[in-house]
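S.K.:
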Amino acid sequence: MAHEQHQQLLQALHECMEECNHCFNACLQEDDVKMMAECIRLDRECADICSYLEQAISRKSPYVSELASVCAKICEDCGKECDKHDSEHCKKCAEACFKCAEACKKVS
Numbered sequence: 002m003a004h005e006q007h008q009q010l011l012q013a014l015h016e017c018m019e020e021c022n023h024c025f026n027a028c029l030q031e032d033d034v035k036m037m038a039e040c041i042r043l044d045r046e047c048a049d050i051c052s053y054l055e056q057a058i059s060r061k062s063p064y065v066s067e068l069a070s071v072c073a074k075i076c077e078d079c080g081k082e083c084d085k086h087d088s089e090h091c092k093k094c095a096e097a098c099f100k101c102a103e104a105c106k107k108v109s
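Heads up, the sequence shown is in this note's numbering, so the first residue is 2 and it goes up one at a time.
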């Protein structure tokens, strides 16, 4: 699977990773951090798998399809959690997660 074939996915992965990192940091600033614990945890998981898949694609890993399937699941879970919260950063993160999950499903 060539890097060029996955430009849309690479962009979605990078945007999702950035939004998850932003959400993670913003959640840590919330008044009730405990209430945001699951959101924070999933932001971290999602940012990490997106970053890893982005690297795997760039090095033409033979596991891209399998990793994309796992990434789609984590992105969906993170998006669902973020969607439960009213803050702008969570809503933007959920949107990026759902977009990334769809892009991952196209290659998994």
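Think of the CB as a built atom: it goes at the ideal place given N, C-alpha and C, for glycine as much as any other residue.
Can you give me the C-alpha to C-alpha distance between E39 and S59, rounded to a whole angstrom?
M.R.: Spanning the two alpha carbons is a distance of roughly 30 Å.
S.K.: Since C72 and C98 are thought to touch, with beta carbons under 8 Å apart, how far apart are those beta carbons, to the nearest angstrom?
M.R.: Not confirmed; about 10 Å, so no contact.
S.K.: Sorted by chain position, which residues of the same chain lie with C-beta nearer than 6 Å to C75's C-beta, five sequence neighbours on each side aside?
M.R.: Residue identity differs from the one stated: residue 75 is Ile in this sequence, not Cys. Result list for I75: E46, C47, I50, in chain order.
S.K.: In three-state terms, what does DSSP make of R45?
M.R.: Residue state, collapsed to three classes: helix.
S.K.: Can you give the Cα-Cα distance for A95 and E67, rounded to whole angstroms?
M.R.: Whole-angstrom Cα-Cα distance: 22 Å.
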